[in-house]
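J.: Note that the numbering used here has the sequence shown beginning at 1, numbered continuously upward. Cβ coordinates follow ideal geometry from the N, Cα and C atoms, glycine included.
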Amino acid sequence: MASKKKINIALIIFVLIVVALIAFFIRPLLAEIKMSSKEAFLEKNNIATLGIQANEIENFEKKYSLYKPNLEKIEQLFVDSKNPVDFIKFLEKTASDLEITSKISLLPPPKKGNQNFISFQFFSSGDFSKMLEFSEKLETGPYLIEIKNLTIKNSTEQNISKNYSPEKVDTLFLIKAFTKQ
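#1: Return the CA-CA distance between Thr94 and Asn59, expressed in angstroms with no decimal places.
#2: Quick one: what does DSSP say Glu182 is sitting in, helix, strand or coil?
#3: What do you get for Asn159, buried or exposed, if any count of 16 or more other CB atoms within 10 angstroms of its CB means buried?
#4: On the three-pair Cβ rule with 8 Å, is the segment 138-145 touching the segment 85-99?
#5: Does the segment 119-130 come into contact with the segment 101-109, if we say contact requires no fewer than three beta-carbon pairs (one atom in each stretch) closer than 8 Å?
#6: Give me whichever residues DSSP pairs with Ala177 in a beta bridge.
#7: Here's the rule I'm using: 16 or more other beta-carbon atoms within 10 Å means buried, otherwise exposed. How should Ile22 be labelled?
#8: Going along the chain, which residues of its own chain have a beta-carbon closer than 6 Å to the beta-carbon of Lys137, five neighbours each way excluded?
#9: In angstroms with no decimal places, state the Cα-to-Cα distance between Lys180 and Leu98.
#10: Select from Phe128, Ile100, Glu146 the residue whose C-alpha is nearest the C-alpha of Ile118.
#11: Would Leu174 and Lys153 be called neighbours here (beta carbons separated by less than 8 Å)?
#12: The alpha helix (DSSP H) spanning Ser135 covers which residue range?
#13: Nearest to Val169 by CA position, among Met131, Ala54, Phe90, Pro69, is which residue?
#14: Which residue comes first and which comes last in the alpha helix (DSSP H) that contains Ser105?
#15: Just the Cα atoms here: how many angstroms apart are Lys176 and Leu71?
#16: Kindly list the residues whose CB is nearer than 8 Å to the CB of Leu77, restricted to its own chain and excluding five residues on each side of it in sequence; keep chain order.
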């Protein structure tokens, strides 16, 4: 009996050692293999994505001469934030062509740091129909803008004036012009 007891104890110790080996060595090793497999799979996907991107860049470079005119047109949509004179001339010429009197003010930038626009206040006076036409020309003009606010009221011009028209209005446009970065 003593030998059977010794065999059972040895067998139990052996089983405990095997379980301990599995718990402390093999299981963490399998978890590490699983993690490494995931990382290898992700790296393989990244390499494939980089290959596709490299091909796209190469195709773009080959076709750049086809894209160049359109890219230049897109560049011209933006106002030069350091020198918005061309945009101001566009506003003045458009107003002048429609026989609208105008006054333009550059508004101070908001206190936020990174800005991609400048704001203008455009006060004008003229016939209501001309103001609508002016607004349409702004929206379809050569610059990327947003009319933030439009205020229209009866003209403050006196009735005794020769040029007075019942359709004459004063307008105030708040215009956001997008700029080059």
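T.: If we stick to the structure as given:
#1: 41 Å
#2: Summary: the structure shown does not reach residue 182, with the chain confined to residues 1 through 181, and so no result is reported for it.
#3: Since pLDDT at Asn159 reaches only 49, below the 50 mark, its modelled position is unreliable, and no value is offered.
#4: yes
#5: yes
#6: Ile118, Ile145
#7: exposed
#8: Thr94
#9: 29 Å
#10: Glu146
#11: no
#12: 128-139
#13: Met131
#14: Here Ser105 belongs to no alpha helix (DSSP H); instead the beta strand (DSSP E) covers 101-106.
#15: 22 Å
#16: Pro142, Tyr143, Leu144, Phe178
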